[in-house]
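Visitor: For reference, the structure I am asking about is given below.
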Amino acid sequence: MSEQFLYFLQQMFNGVTLGSTYALIAIGYTMVYGIIGMINFAHARFT
Numbered sequence: 109m110s111e112q113f114l115y116f117l118q119q120m121f122n123g124v125t126l127g128s129t130y131a132l133i134a135i136g137y138t139m140v141y142g143i144i145g146m147i148n149f150a151h152a153r154f155t
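Residue numbering for the sequence shown is 109 to 155, as defined by my numbering.
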C-alpha cells in the first residue's frame, strides 16, 4: 500500500476514536442532565 493511503487510514482511525470518545462523554452528560436536571462537574472525593 502507498504511504499516503496508510496515512489516510491512520487519520480515519484517529478521527473515529476521538469522535467515539466525545460521543461517550456527551451521552454521559445527557444522561446525568436528564436524571437530575443539572450538569454536575464535581467529582467524588475518595479517602
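All C-beta atoms, glycine included, are put in the ideal place defined by N, C-alpha and C. Please read all numbers here as calculations on a predicted model, not as lab measurements.
(1) Using the Cα positions of Ala-131 and Tyr-137, report the straight-line distance between them to the nearest angstrom.
(2) Taking the alpha helix (DSSP H) that Gly-142 falls in, what are its first and last residues?
(3) Just checking my contact of Thr-141 with Ile-135 at CB under 8 Å: how many whole Å lie between their CB atoms?
Guide: In short, the structure shows the following:
(1) In the sequence shown, counting from the first residue as 1, residue 131 sits at position 23. In the sequence shown, counting from the first residue as 1, residue 137 sits at position 29. Going from the Cα of Ala-131 to the Cα of Tyr-137 covers about 10 Å.
(2) Counted from its first residue, the sequence shown places residue 142 at position 34. Segment 111-144, the alpha helix (DSSP H) holding Gly-142.
(3) On the sequence shown, residue 141 is found 33 positions in, with the first residue counted as 1. On the sequence shown, residue 135 is found 27 positions in, with the first residue counted as 1. Checking the displayed sequence, the identity of residue 141 turns out to be Tyr instead of Thr. The distance from the Cβ of Tyr-141 to that of Ile-135 is about 11 Å, inconsistent with a contact at the 8 Å cut-off.
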